[in-house]
Amino acid sequence: MYELVQTAKQQRQFAATWEYFCDEFGWVNDPYSEDGFRYNLLLDKKGFLRREKVIGTIELTPYNPTNPNSTVEGRFAFSNFPEINRYQDRTWEIDKLCIHQDYQRQGYFTIFSHILYNHAMNHNPKYYLALIEKKFFRMLRFSFGSCFEQKGDALIGPGTSLIPTCADVEALVKFYNTKMEIS
Numbered sequence: 523m524y525e526l527v528q529t530a531k532q533q534r535q536f537a538a539t540w541e542y543f544c545d546e547f548g549w550v551n552d553p554y555s556e557d558g559f560r561y562n563l564l565l566d567k568k569g570f571l572r573r574e575k576v577i578g579t580i581e582l583t584p585y586n587p588t589n590p591n592s593t594v595e596g597r598f599a600f601s602n603f604p605e606i607n608r609y610q611d612r613t614w615e616i617d618k619l620c621i622h623q624d625y626q627r628q629g630y631f632t633i634f635s636h637i638l639y640n641h642a643m644n645h646n647p648k649y650y651l652a653l654i655e656k657k658f659f660r661m662l663r664f665s666f667g668s669c670f671e672q673k674g675d676a677l678i679g680p681g682t683s684l685i686p687t688c689a690d691v692e693a694l695v696k697f698y699n700t701k702m703e704i705s
């Protein structure tokens, strides 16, 4: 389950979840995008109060290599790739992607695929660009194969390595549709 962040309360929940991860792992908290879409991953709690708990976040932002707040271009020159330049108006950045550690490896990651699919159906992106933690990148490659491509050497940081990644959205949608037909 997920929700598009549209209210001040939802934004506070998003910020609290994301900023917890920034503090926990020593990540830089980039500014929130004014033209992006933020989503909260929700844990549907059963019972009397039926309150939903935010267990993860993701932000999708139109890619603009000249944007000083770009979360990808400032650290890796994706704009050096002709295919990305050719489809710049259909390229989006993925940022602020996290799942609380208590809910990792429990099947909640599939919610992200639903978010990306919904976004793809509404905005027709060609590529998603991201700097992805190395272990997470390996999991994506294992799960989705060549839909996720490493575009350069890992960026080594104090606590983790980030992989410059380009996701072919059309291949992802095809993969998703095939998977949905099988299940």
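Residue 705 is where the sequence shown ends in our numbering, and the numbering goes up by one at each step.
The beta-carbon is built from N, C-alpha and C at its ideal position, and this holds for glycine as well.
{"Asked": "Outcome for I606 when other beta-carbon atoms lying within 10 angstroms are tallied against a minimum of 16", "Found": "buried"}
{"Asked": "Proximity to D566 [Cα-Cα], best of E525, F600, I580", "Found": "E525"}
{"Asked": "As assigned by DSSP and simplified to three states, the class of F594", "Found": "It should be pointed out that residue 594 corresponds to Val in this sequence rather than to Phe. DSSP places V594 in coil when its eight states are reduced to three."}
{"Asked": "Extent of the continuous beta strand (DSSP E) run through Y625", "Found": "Premise fails: Y625 is in no beta strand (DSSP E) and is neither H nor E."}
{"Asked": "Presumed contact (8 Å Cβ cut-off) between F547 and P686, rounded CB distance", "Found": "Not quite, the Cβ-Cβ distance comes to about 19 Å (not below 8 Å), so this is no contact."}
{"Asked": "DSSP bridge partner residues for Y669 (one or two, in chain order)", "Found": "In the sequence as displayed, the identity of residue 669 is Cys instead of Tyr. For C669, which the question treats as bridged, DSSP gives no partner whatsoever."}
{"Asked": "Candidates L694, N589, C620, of which the one nearest P647 by Cα", "Found": "L694"}
{"Asked": "Pair within 8 Å by beta-carbon distance, I616 and A642", "Found": "no"}
{"Asked": "DSSP-derived helix/strand/coil call for T579", "Found": "strand"}
{"Asked": "Residue from N602, E581, Q626 whose Cα sits closest to the Cα of I637", "Found": "E581"}
{"Asked": "Straight-line Cα distance separating V527 from R560", "Found": "5 Å"}
{"Asked": "With 16 other Cβ atoms within 10 Å as the buried cut-off, status of V508", "Found": "A query on residue 508 cannot be resolved here, the shown segment of the chain reaching from 523 to 705 and no further."}
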